[in-house]
Structure formats: C-alpha cells, structure tokens
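Undergrad:
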Amino acid sequence: MLLVLSLSESDNVCPDVVLVSKERLSKIEDEAGHLTDAPELIIEVLSPGKNNERRDKEAKLKLYSVEGVREYWIVDHFTKQVEVYRRENARLILVATLLDGEEITTPLLPNFCCSISHFFPD
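Just so we're aligned, residue 55 is where the sequence shown starts under my numbering, counting upward by one.
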C-alpha cells in the first residue's frame, strides 16, 4: 500500500517507510489512506544523485522536523551507513551515524535491535 503524507496543500511526500502506532493511525489516516499528520518514525533510502541526497538530507529533514516526526532515519546504501535523527528541543537532531557492524535501536520500539549489516546485504 502506498502511503502519502499530506502535511499541507503544498507538502505531499511519499516516504519509503513509516512507523505509526495503532492508536495514532486511527487519528491521522483519512479515507483515501493518506496520513494527515506526522508518523512517529520515517525512514528514507537515498536514491542516486546529489539532488535526491539534498532533498532527503535538507528539505525532507526540515519538513519532518517542523511537522513533529519523532525520529528520522536516512539509509545510504552507497556509503553503507544510517543517519539517525531524533526529536530534541522541538526539532530533529542528528544523534548517530551508524556503520556496518553497529546496531540500531529506537526508543519508539523498546525491544527492537538490528545490525546495520542487515540493511545492506551482500
């Protein structure tokens, strides 16, 4: 299912992965399946090209920060790293850049722990 995040008339984005709790989903999904408010976690996988990188690392980061996303991951399969941004003082701040061999966790999923190497299979 394709989910479109409709934050305003001019800011419709289609993140690669979103995490929304059951409780929150019932409040923010419209009849067409669009999310009308920010999910808890958004994950973007970088596409090739400087414009795509700039869009995910600048424009979308700013948009998600302003709209209240609690956590944002940028998965870069070219450098095999994951940047983790978390909400601090009302904005998303880079808290970790994780590399192959390290593990990712999130307070949003207390029992979740995954090796970064699983993001980049050989």
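We put the CB at the ideal spot given by N, CA and C, even for glycine.
Would you list the residues sitting across from Asp91 in a DSSP beta bridge?
TA: Position 37 of the sequence shown, counted from the start, is the residue given in the question as residue 91. BP columns for Asp91 are empty, so no partner.
Undergrad: Once DSSP output is grouped into helix, strand and coil, what is the label at Val58?
TA: One-based indexing of the sequence shown puts residue 58 at position 4. In this prediction, Val58 scores a pLDDT of 47, lower than 50, which makes its location untrustworthy; no coordinate-derived value is stated.
Undergrad: Any contact between the stretch 108-119 and the stretch 78-91? By contact I mean 3 or more CB pairs, one from each, below 8 Å.
TA: Short answer: they don't touch.
Undergrad: Output needed for Glu157: all residues of its chain with C-beta closer than 6 Å, excluding positions within five of it in sequence on either side, in chain order.
TA: In the sequence shown, residue 157 corresponds to position 103, counting from 1. Cys167 and Ser169.
Undergrad: Is it the case that the Cβ atoms of Ile147 and Tyr126 are separated by a distance below 8 Å?
TA: Looking up residue 147 in the sequence shown gives position 93. Looking up residue 126 in the sequence shown gives position 72. No. Outside cutoff.
Undergrad: Mind listing, in chain order, the continuous alpha helix (DSSP H) runs of no fewer than 4 residues lying wholly within the stretch 81-146?
TA: Listed in chain order, they are 104-108 and 114-121.
Undergrad: In the structure shown, what three-state DSSP assignment does Leu162 receive?
TA: On the sequence shown, position 108 is the one that residue 162 refers to. DSSP places Leu162 in coil when its eight states are reduced to three.
Undergrad: Starting from Val71, follow the beta strand (DSSP E) in both directions and report where the run begins and ends.
TA: Looking up residue 71 in the sequence shown gives position 17. Counting along the chain, the beta strand (DSSP E) containing Val71 begins and ends at Val71 to Leu73.
Undergrad: With DSSP as the reference, label Glu63 as helix, strand or coil.
TA: Looking up residue 63 in the sequence shown gives position 9. Its pLDDT being 49, under 50, Glu63 is placed unreliably in this model, and the coordinates cannot settle the point.
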